[in-house]
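For reference, each letter of the sequence shown is one residue, going -16 to 193 in our numbering. Glycine included, each C-beta is placed from N, C-alpha and C at the ideal position. Just so you know, these numbers come straight off a predicted model, no measurement behind them. Following: one structure in structure tokens, then a few remarks.
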Amino acid sequence: MSTLHKTNPTQSSSYIVDSGDYFITTLSAGQTLKIIDLEGNQAADTLFYNADNPVERYSATDTIATQGAVYLTEGSRLMSNQQRCMLTIIEDTCGRHDTLGGACATESNTVRYDLEKRCMHACRDSWMLAINEHPEYGINKRDIGHNINFFMNVPVTPEGELTFADGISAPGKWVTLRAEMNIVVLVSNCPQLNNPCNGYNPTPIELVIA
Ligand SMILES: [Zn+2]
């Protein structure tokens, strides 16, 4: 996280995260996390854990089943693999967020794009680096599971297929989440260059914790 820097250390904490970097921290129950898509069409690949018991983690299937909808937006309750609400989306100026597409990985890059893409940096690499550099959070490789791709547009077609489409976000759009329990949040700001999830132009995001 060498490129992270606090921009407003007074009432709330604000961090700029470059594409290809990660951000990991804890939120206390009741705190809010605002994620700002500074330049538009970026993807923030995000994992959530119960800070007091990291085997409890975000579950896309429990979240989708609970709300009866595949996209996430204002009002969505983000559920854990133990069917408890971890966070609630309380503001959303983007409109919807993906939790079906998964995170980019060197392996999936070779399948989706080309064998030679294997050497390109991917979100899963950033997550692995984060949990190795921060063993204090108690997260290991087996805990990396479902994620949310904030600002990413992955429409489900009438045929039931997933497509990675040009973004619906725009510069300055944001989403705010309220922690309903003590949370570890791990964000990879996506460096993907092979699909339009970030407009083929990965850009920084801002995180504000209040
Ligand atoms: Zn990615």
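Whole-angstrom C-beta distance between residue j and residue i, which should lie under 8 Å
i	j	result
G23	A153	4 Å
P37	I122	5 Å
8 Å Cβ cutoff met for residue i and residue j
i	j	result
Q65	E39	yes
L190	L10	no
V168	Y120	no
T71	E163	yes
G84	F147	yes
N172	S(-3)	no
M111	L176	no
E57	I47	no
W157	D20	yes
R107	C87	yes
F134	A52	no
I188	Q25	yes
F6	V139	no
Between the CA atoms of residue j and residue i - distance to the nearest angstrom
i	j	result
N115	P141	41 Å
V137	P185	17 Å
K100	T93	6 Å
I192	D149	28 Å
A34	N165	5 Å
M(-16)	S63	Low confidence applies here, because M(-16) scores a pLDDT of 49, under 50, leaving its location unreliable; read the following figure in that light. Taking the straight line from one Cα to the other gives about 27 Å.
L61	A113	22 Å
N181	A12	31 Å
Y54	L98	31 Å
K124	D4	18 Å
N(-9)	L160	Low confidence applies to N(-9): its pLDDT is 47, below 50, so where it sits in the model is not reliable enough to give any reading.
L145	I(-1)	30 Å
G128	S42	8 Å
G143	P174	27 Å
Y183	E90	19 Å
T49	H117	32 Å
Y96	D126	27 Å
S(-5)	G155	18 Å
T8	H80	21 Å
M69	S109	23 Å
Residues that DSSP places opposite residue i in a beta bridge
i	result
W157	I19
S63	Y41
F194	The chain is shown only over -16 to 193; residue 194 falls outside these bounds and no answer can be derived.
S11	S11 is not bridged to any residue.
F6	V170
Within 7 Å of ligand 1: residues by beta-carbon to any heavy atom: A26, D28, A86, C87, A105, C106, S171, C173, P174, Q175
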